[in-house]
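A quick write-up on the structure given underneath.
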Amino acid sequence: MNKKLVMLLLGLTIASSSAQAFEMSCLTGELKTCSEADLQKADGRLQIVVLPTGFTQNDKAEFQTAFQNYATNMVNAGADVYSQKYKDKFLFVSYWLPGETLESNKATLGGQIIPHPIRENFGIVIDEDKVNEAIVDIQRENGRYIKPWCTVAIFNTTKDTTANAKTPSFMSSPYGIVLVTKTDVKSSYLVSHETAHGGLNFLDEYVEPGFTNLNIHSVDVMSAFAAFGEGWDGLKAFWENIRGLYPIKISDILANNGSENIALDKFPARVTTPGHSALEYAYEGGMFFGRGTYHHAGDNLMNTSYVSRGPDDGFAFDHSRSQLDVIEQALDNVQVASRPNDRIKNQGPVDKLQFTFGGDTYLMLFDADKNHHYHPSTRYDVQIGWWERNWKWCKAAFIPYPCYENKWMVVGKSIRPTIHTIHIKETKLFGLAKFARFLSCDLGLAKIPKKSREQVKRFCSHQVNELAEAFVPSLDFATPYQKLKVPVSQAFTKYYWRFRTENGTYESGWTAWSDFSRAF
């Protein structure tokens with residue numbers, strides 16, 4: 062009997078903790094209390110799910126206050142800002158998940174505070190997998206109607222930190238992850254800016270102090286190491302990148318990969334589509350770098366006035382044209398793309414000799430909109446052209462000899478995009494970073510000025526992956542590249558190829574013909 066009583070009490074305890082773990086609060090965009098029934102309605106409202114990290118069981122009231130501050134400042138960011146203009150489209154949903162403190166390194170969602178890699182303050186990092194697991198657990202216990210448009214983690218700290226966010230396209234996820242502190246949520250700018258990353262997939266348009274003349278393409282010298290993964294396939298990808306056969310570029314992955322408001326060209330459309338004119342991204346700078354990236358003219362929420370290259374290149378509680386295109390599609394429920402996915406090019410092979418054995422080879426397509434959060438490419442049409450040699454017998458006087466006529470041939474192929482991901486931790490680029498930390502921190506081989514030693518000591522107390530997560534949006538990147546197999550049956554032949562995209566609304570124009578030669 063006692064045993065049964067113990068089991069009953071244990072069961073009640075587990076049930077009670079489970080219910081407590083997923084205690085919900087809900088606010089509409091009008092800051093009115095909403096219920097589970099409101100969440101279940103399919104009325105087109107977008108859910109922003111707010112979770113705590115570093116809050117203990119005794120900090121519940123503080124988290125509830127932080128949640129209220131977040132929602133209040135989101136919908137009061139300014140009449141021209143998406144979060145206030147479309148406040149009736151949002152539901153703010155919090156779940157109380159108490160745990161241990163941030164200093165314990167055992168906080169809910171894996172939240173940590175670490176030295177920021179390039180700023181004087183601290184960075185805040187989270188474990189993406191633990192966030193995703195928490196969302197799945199909430200969906201399992203509370204119903205499948207929980208579908209985050211964006212997930213926000215509020216850190217229980219008042220330290221001077223840099224808020225940041227992980228965009229959906231980088232993670233190939235239906236929602237982004239925003240990281241803010243209980244101090245940050247008191248700022249309309251910070252909550253609306255960071256949530257624009259996590260929900261609208263925007264990148265920063267400002268230039269980081271000290272990066273004014275740093276070109277984003279300077280990081281491309283390390284691209285081959287980013288392609289160099291584990292095993293034979295990793296070595297093969299490294300060699301293909303070195304040769305320029307299938308080149309992967311870090312600059313493409315960071316700033317030309319599914320985000321509408323930043324591009325690597327002043328005119329990012331690379332093909333002509335009838336009925337659509339090319340957009341101009343007038344000002345250079347963005348994604349921290351002062352050179353090599355471009356953004357639209359217009360003072361806006363994602364920019365600052367630190368580096369201004371024109372009268373309307375600064376900050377305002379407003380949006381640029383490229384941002385508005387996304388906002389209207391995302392929040393006006395317009396089920397059509399604003400433009401064709403025309404930021405495309407033939408990536409490889411281009412003007413290369415292919416030592417191909419057999420009747421097939423691979424092509425690599427570049428598509429900056431492949432991972433677009435609101436109008437991703439849904440189909441690629443590829444054409445392969447070549448001069449087919451039709452052999453026959455000819456005669457010179459009365460002597461027969463083999464000869465041929467050239468006939469232009471074109472073969473088409475259509476495919477659906479597949480996800481291509483680079484896991485930075487599995488590449489030699491990450492290995493080089495760890496080796497550099499080993500030399501500087503563990504062996505102390507780097508000469509460190511006396512005035513910087515305390516900061517470096519603080520920096521060295523953390524691992525490379527923690528430091529990287531405080532600066533880059535993710536350590537697992539969905540890339541803007543697509544590989545496909547095509548037939549090349551005729552040896553010692555120059556082949557030509559091109560492609561176009563379809564995004565559910567528009568077919569883009571074709572890329573120009575590129576060529577490669579098959580040797581065998």
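So the number in the numbering used here is just where the residue sits in the sequence shown, counting from 1, plus 61.
Just so you know, even glycine gets a beta-carbon here, dropped at the ideal spot from N, CA and C.
Over what stretch of residues does the beta strand (DSSP E) that includes residue i continue unbroken?
i, result
"M470", "460-476"
"R579", "575-579"
"K406", "405-409"
"A539", "537-539"
"Y423", "421-428"
"Y156", "151-157"
"V387", "Here V387 belongs to no beta strand (DSSP E); instead the alpha helix (DSSP H) covers 382-392."
"K544", "542-548"
Could you pull out every residue in the same chain whose Cβ sits closer than 7 Å to the Cβ of residue i, ignoring the five residues on either side in sequence?
i, result
"V397", "T566"
"K406", "R331, F427, T572"
"S320", "T228, S230, N262, F263, L264"
"K546", "D421, Y423"
"V280", "I311, S312"
Would DSSP call residue i helix, strand or coil?
i, result
"V397", "coil"
"E97", "helix"
"T212", "strand"
"I480", "coil"
"G371", "coil"
"A168", "coil"
"K220", "coil"
"F499", "Reliability fails at F499, whose pLDDT of 47 lies under 50, so the model's placement of it is uncertain and the value that follows must be treated cautiously. F499: helix per DSSP, three-state reduction."
"K310", "coil"
"P229", "helix"
"F116", "coil"
"N322", "coil"
"V280", "helix"
"V252", "helix"
"R514", "With a pLDDT of 48 at R514, under the threshold of 50, the modelled position of this residue cannot be trusted; read the value that follows with caution. R514 falls in the helix class under three-state DSSP."
"Q108", "strand"
"Y441", "strand"
"H177", "coil"
"H356", "strand"
"E563", "strand"
"L240", "strand"
"E631", "Only positions 62 to 581 of the chain appear in the structure, and residue 631 is not among them; the question remains open."
"G305", "coil"
"E449", "strand"
"S144", "helix"
"M85", "strand"
"Y342", "coil"
"F553", "coil"
"G347", "strand"
"I509", "Residue placement at I509 is flagged as unreliable, the pLDDT there being 43, under the threshold of 50; the coordinate-derived value follows with that caveat. Note: I509 maps to coil in three-state DSSP."
"K297", "helix"
"V246", "helix"
So, is the C-beta of residue i closer than 9 Å to a C-beta in chain C?
i, result
"V411", "Reference to chain C is not applicable here, since this structure consists of a single protein chain."
In its own chain, which residues sit with a C-beta less than 8 Å from the C-beta of residue i, not counting the 5 before and 5 after it?
i, result
"T219", "T242, K243, T244"
"W571", "V332, Q444, R559, F560, R561"
"L152", "C87, L88, T89, G90, C95, D99, L100, R106, L107, Q108, I109"
"E84", "Y156, W157"
"I207", "L100, Q108, V110, V154, I196, I199, Q200"
"L261", "Y143, Q384, V387, I388, A391, H434"
"E449", "N467, K468, W469, M470, Q551"
"W454", "P461, Y462, P463, C464"
"K148", "G90, E91, M135, V136"
"K121", "W157, P159"
Who are the Cβ neighbours of residue i in its own chain at under 6 Å, not counting the five residues just before and after it?
i, result
"S381", "H357, G359, N361"
"E466", "N451"
"N402", "D430, S438, T562, N564, S569"
"F272", "F349, F350, G351"
"I476", "Y441, L545"
"F216", "T114, G115, G172, I185, T242"
I'd like the span of the alpha helix (DSSP H) that includes residue i, first residue to last.
i, result
"I196", "189-203"
"I185", "Where I185 is concerned, there is no enclosing alpha helix (DSSP H), although the beta strand (DSSP E) it sits in stretches over 183-186."
"Y131", "121-135"
Measure how close the beta-carbons of residue i and residue j come, nearest whole angstrom, since I'm counting them as under 8 Å.
i, j, result
"S50", "A539", "The question about residue 50 has no answer, for the chain in this structure spans 62 to 581."
"G90", "K150", "7 Å"
"V246", "Y355", "V246 to Y355, Cβ: 32 Å. No contact."
"H337", "R400", "6 Å"
"D188", "L170", "6 Å"
"D425", "A257", "For clarity, residue 425 is Met in the given sequence; the question names Asp instead. The Cβ separation is near 31 Å, so there is no contact."
"T222", "I174", "7 Å"
"G172", "A214", "6 Å"
For the ligand FMN, any of its heavy atoms closer than 8 Å to the Cβ of residue i?
i, result
"A324", "Here there are no bound small molecules, and the ligand FMN is not part of this structure."
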